[in-house]
Amino acid sequence: MSGKIDYINDLKQKNLFQKGIEMGIVNKNWVYWVEVYETYQDELSKGGKKSDIIYNVSQKCNLSEPRIYQVLSFFK
Numbered sequence: 003m004s005g006k007i008d009y010i011n012d013l014k015q016k017n018l019f020q021k022g023i024e025m026g027i028v029n030k031n032w033v034y035w036v037e038v039y040e041t042y043q044d045e046l047s048k049g050g051k052k053s054d055i056i057y058n059v060s061q062k063c064n065l066s067e068p069r070i071y072q073v074l075s076f077f078k
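Per my numbering, residue 3 is the first one in the sequence shown, and the count goes up by one each step.
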C-alpha cells in the first residue's frame, strides 16, 4: 500500500479529513481516489489483460480510462 493511502486513512481515522479540506491541505476527491485505486488492485489480483482490468474499473467506478490513469499516477 502506498504511503498516500495510509496518510489518507490516518486522517479519516483521526477525524481530521474534513478539517484538512477546510484548510485546503486535503483534496476532497482523495477518498474517492483511494476507492478507485483499491478497485484497480482488486481487479489486478484477479488477473487478465490490462485493458480489461481498466475497463472493469471504469465500469465499477464510473470513470473514464484517462481519468483512471491519472488517479493511479497519484499513488506512484
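Note that beta-carbon positions come from the ideal geometry of N, C-alpha and C, so glycine has one too.
Alpha carbon of residue i to alpha carbon of residue j, nearest angstrom
| i | j | result |
| --- | --- | --- |
| Tyr34 | Tyr9 | 14 angstroms |
| Val59 | Lys48 | 12 angstroms |
| Asn17 | Gln61 | 30 angstroms |
| Asp12 | Ser75 | 21 angstroms |
| Asn29 | Lys51 | 31 angstroms |
| Glu24 | Asn31 | 13 angstroms |
| Thr41 | Gln72 | 15 angstroms |
Same chain only: Cβ atoms within 7 angstroms of residue i, ignoring 5 sequence neighbours per side
| i | result |
| --- | --- |
| Ile56 | Glu67, Ile70 |
| Gly22 | Leu13, Val28 |
Collapsed DSSP secondary structure at residue i in the structure displayed
| i | result |
| --- | --- |
| Ile7 | helix |
| Ile56 | helix |
| Lys51 | coil |
| Lys16 | coil |
| Lys62 | helix |
| Val28 | coil |
Cβ-based neighbour list, residue i, same chain, cut-off 6 angstroms, excluding 5 preceding and 5 following
| i | result |
| --- | --- |
| Val36 | Ile7, Ile10 |
Continuous alpha helix (DSSP H) stretch holding residue i: start and end
| i | result |
| --- | --- |
| Gly22 | 19-25 |
| Ser75 | 67-76 |
Own chain residues within Cβ distance below 8 angstroms of residue i, not counting five before or after
| i | result |
| --- | --- |
| Leu46 | Ile55 |
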